[in-house]
Structure formats: C-alpha cells, structure tokens
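Residues 1 to 337 (full-length UniProt numbering) make up the sequence shown, in order.
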Amino acid sequence: MTISQDCRMYEARFPEVDDVVMVQVKHIAEMGAYVSLLEYNNIEGMILLSELSRRRIRSIGSLIKVGRQEPVMVLRVDKEKGYIDLSKRRVSEEDIAVCEERFNKSKLVHSIMRHVADTESVDLEDLYVHVGWPLYKKYGHAFEAFKVMVADPDTILSGLTRTIKETGPDGQEVTKTVPAVTEEVKDALVKNVRRRMTPQPLKIRADVELKCFQYDGVLHIKEAMRQAEAAGTADCPVKIKLVAPPLYVLTTQTLDKEQGIAVLVEATKACAKSIESNKGKLVVKEAARVVSDSDDRHLLGRLSEANKEVDGDGESEEEEDTGMGEADVDAVSGLVE
C-alpha cells in the first residue's frame with residue numbers, strides 16, 4: 001500500500017455553497033484571483049473579479065495579494081469538473097472571525113495528525129478516516145476532542161474502532177472489530193497532542209515607579225515589596241523586581257489571564273498602601289497585562305541602556321535622590337531575586 005501524507009482536513013471532499021472557507025491566493029489573472037482551499041487539500045478555486053469588493057475596483061493589488069490568506073464565501077461548486085467559484089465581498093466581519101477560529105483549530109489538528117502519520121509511517125487519510133473524522137462528528141471539531149485527550153486519552157480513543165477481515169481456522173473469512181489504531185500510533189498521537197495542546201502559563205506583568213524620600217526610605221520600599229508579594233496566591237505567586245531606580249516590575253504566571261491580572265492589581269494596591277503610609281509614592285507606568293519573554297528582554301535591555309546613560313551623566317552633576325535613601329540598590333535587588 002502506498003503511504004500518502006496528503007489529505008483534506010474534513011470528511012467532505014468539497015465545501016458546500018455558502019460555506020466560508022480559508023484560501024491562499026496563488027496568482028491573479030484578468031478574470032480574478034486563483035486560490036487554493038487550505039482546508040480541502042489545496043484544491044483550486046477562483047475569486048471572480050466582480051466578487052472581490054462591493055466598491056468600485058481601482059486596483060486589484062490593493063484588494064488582494066499573492067500569498068495572502070483570505071476567508072471567502074463559496075458561491076458555486078462543480079464537483080465533476082472541480083470548479084469552485086468564491087466571493088470575498090460577501091464575507092461579513094462575523095464570518096471572518098468564525099472562519100479564522102475554525103481554521104486555526106483545524107490547522108493545529110492537521111499538523112498533529114500529519115506529524116503522527118509521518119513519524120509512524122501510516123497513511124494520513126487512513127488516520128483521518130478512523131480517528132480524525134469520527135472525532136469531528138462526535139465533538140463538533142476534533143480540536144475539542146484533543147483538548148480532552150490531554151488529560152484523559154482513553155475516554156477519547158477507546159471508542160474508536162475499525163473492522164478488518166481475516167481468514168479463520170476453517171478457511172472462512174471473518175470480520176473482526178479492532179482498535180482504530182495500533183498502540184504505537186496511539187502513543188504517538190497522545191504524546192503529540194499533549195506536547196502541542198497542554199496549556200502554557202501566561203506571564204502577567206505590571207510596571208511601577210516606587211519612591212520614598214525618607215531617611216530610611218529603602219526599608220519602607222523593602223516592606224512595600226514584601227506586601228506586594230504577600231498579595232500573591234498559590235496559583236498566582238507574585239514577584240517584584242528592581243529594574244532600574246525607581247522602576248520595578250511585578251510579575252506572575254498563571255493559566256487564567258483574568259485571575260493573573262486581578263492578582264497583580266491587588267498586589268499593586270497593597271504595595272501602594274504600604275509605601276504611601278510611609279510618605280512614599282507608587283506610580284503605575286504600565287498596567288497589568290500579558291507579556292512574552294521577548295517583551296521582557298526588550299524592556300530590560302532598553303532600561304539597562306538608559307541606566308548607563310544616567311550613570312554617565314551623574315559624574316558632572318550633583319547626584320540626584322532616587323528615593324532609595326543611602327541604601328545600596330544591589331541589596332534591594334538581591335532581596336527579590
């Protein structure tokens with residue numbers, strides 16, 4: 001049997017009229033734009049020139065570009081000849097959002113299925129026939145089944161079977177029901193689903209300026225930092241770190257975005273209350289929000305450079321009070337690292 005790694009994402013070979021599907025523009029001609037239907041194994045379709053926009057077309061290039069992915073509506077399907085006519089202008093904003101969400105889920109499922117088929121040397125369409133498409137039918141989308149599979153794969157996979165024919169001891173052909181996939185393929189599928197779909201903790205950060213001009217201001221700042229960290233929870237522990245006087249960052253990691261932001265807001269309030277009770281001041285420079293590791297690296301690098309410039313300028317002018325009293329800044333930094 002020839003093993004193929006090409007397959008559409010859904011059981012139907014063609015979309016239905018009025019479906020909104022994701023396409024990629026291949027080339028532009030006088031009649032319109034030729035595209036590949038990404039969810040249907042890249043079969044070809046065409047967006048007619050008259051279906052590109054509701055407005056008068058001055059330049060096709062301003063409406064559609066080669067290589068771009070576009071949600072479009074299916075107008076006509078000739079399954080015998082393989083002609084598919086599409087429209088860009090009839091797609092609403094709501095259609096776009098629904099299409100993009102479905103396509104992103106389908107693309108992730110397809111990537112997992114294709115990787116398993118490739119590494120286990122099984123036919124991709126056969127894997128879809130016995131695993132992917134039955135899960136689409138049962139759960140509405142295989143993505144929803146894969147989410148459950150992260151924690152409980154047997155619940156999803158134990159009900160999937162296939163029938164095979166064997167020759168019995170008496171020479172008669174018998175039909176048997178066996179699991180949909182081998183143990184090796186099952187293990188590979190579960191491993192890949194867990195690797196690709198296990199939720200990753202979000203990093204939440206708030207940036208604040210923290211100052212106290214009292215003689216023992218550094219002690220008051222330390223106490224304010226302790227109060228900020230004490231506002232954290234087991235699920236959302238809070239850390240506060242000195243970046244460059246007087247800038248500090250409060251961070252937490254959590255699977256729940258709303259909970260993480262709420263905890264950092266409370267931590268900021270606790271820190272402000274503590275420092276203000278000792279005649280200090282806290283100013284929120286950037287409210288709590290989700291950030292990536294690259295955001296953090298960019299901020300720290302930018303502030304480090306800015307801090308070097310300030311250090312150089314300080315040699316020719318009277319030293320400015322940063323609100324840390326006479327304390328060693330490194331000591332405070334070490335407290336929270």
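Ideal Cβ positions, reconstructed from N, Cα and C, are used throughout, including at glycine.
*Could you give the distance in angstroms between the alpha-carbon of Lys137 and the alpha-carbon of Ala231?*
46 Å
*Report all residues from its chain with a CB closer than 7 Å to the CB of Ala133; omit the five preceding and five following residues, and keep chain order.*
One detail in the question is off: residue 133 reads as Trp in this sequence, not Ala. Taken in chain order, the residues that qualify are Glu11.
*asked:* Suppose you measure from the CA of Asp216 to the CA of Ala272; what does that come to, to the nearest Å?
replied: 17 Å
*Using a beta-carbon distance below 8 Å, is Val72 in contact with chain B?*
Of the protein chains in the structure, only one exists, and it is not chain B.
*Below 8 Å CB to CB, which residues in the same chain sit around Val35 once its five sequence neighbours on both sides are set aside?*
Val23, Gln24, Val25, Lys26, Glu44, Gly45, Met46, Ile47, Glu70, Val72 and Leu86
_Distance check for Lys81 and Val181, CA to CA, integer angstroms please._
35 Å
*Shortest alpha-carbon distance to residue 402 belongs to which of Asn42, Cys99, Cys7 and Glu51?*
The structure shown has nothing for residue 402, since the chain only spans 1 to 337.
_Glu125 to Asp152 span [Cα, whole Å]_ = 25 Å
*Which whole runs of the alpha helix (DSSP H) in the region 67 to 127 are 4 residues long or more, in chain order?*
93 to 119 and 124 to 127
*Pull up the distance between the alpha-carbon of Tyr40 and that of Ala33, whole angstroms please.*
18 Å
_Measuring straight from C-alpha to C-alpha, what distance separates Gln5 and Asp118?_
7 Å
*CB of Leu108 within 8 Å of CB of Ile204, strictly*: no
_Please report the distance separating the alpha-carbon of Glu286 from that of Val208._
7 Å
_Ser274, enclosing alpha helix (DSSP H) - first and last residue_ = Lys257 to Glu276
*Just the Cα atoms here: how many angstroms apart are Lys281 and Lys257?*
28 Å
_Applying the 10 Å Cβ sphere with the 16-neighbour rule, what's the burial state of Arg68?_
exposed
*Which of helix, strand or coil DSSP assigns to Gly159*: coil
*asked:* Does Ser277 pass the burial test, meaning 16 or more other C-beta atoms within 10 Å, or should it be called exposed?
replied: exposed
*Quick one: is Gln200 buried, meaning 16 or more other Cβ sit within 10 Å of its Cβ, or exposed?*
exposed
*Identify the residues that DSSP records as bridge partners of His220: which are they?*
BP columns for His220 are empty, so no partner.
*Could you tell me which of Arg226, Lys269 and Ala206 sits nearest to Thr251, measuring between CA atoms?*
Ala206
*Kindly indicate which three-state DSSP category His141 falls into: helix, strand or coil?*
coil
*Report the rounded CA-to-CA distance for Lys186 versus Arg289, giving the unit in angstroms.*
39 Å
*Taking DSSP as the reference, what is the three-state secondary structure of Gln253?*
strand
*Among the residues of its own chain, which have a CB less than 6 Å from the CB of Thr163, if the five just before and after it don't count?*
Thr175 and Thr177
*Euclidean distance between Cα positions of Lys79 and Arg8*: 15 Å
_Coarse secondary structure for Asp154, derived from DSSP in three states_ = helix
*So, using beta-carbon positions, are Ala224 and Ile261 closer together than 8 Å?*
no
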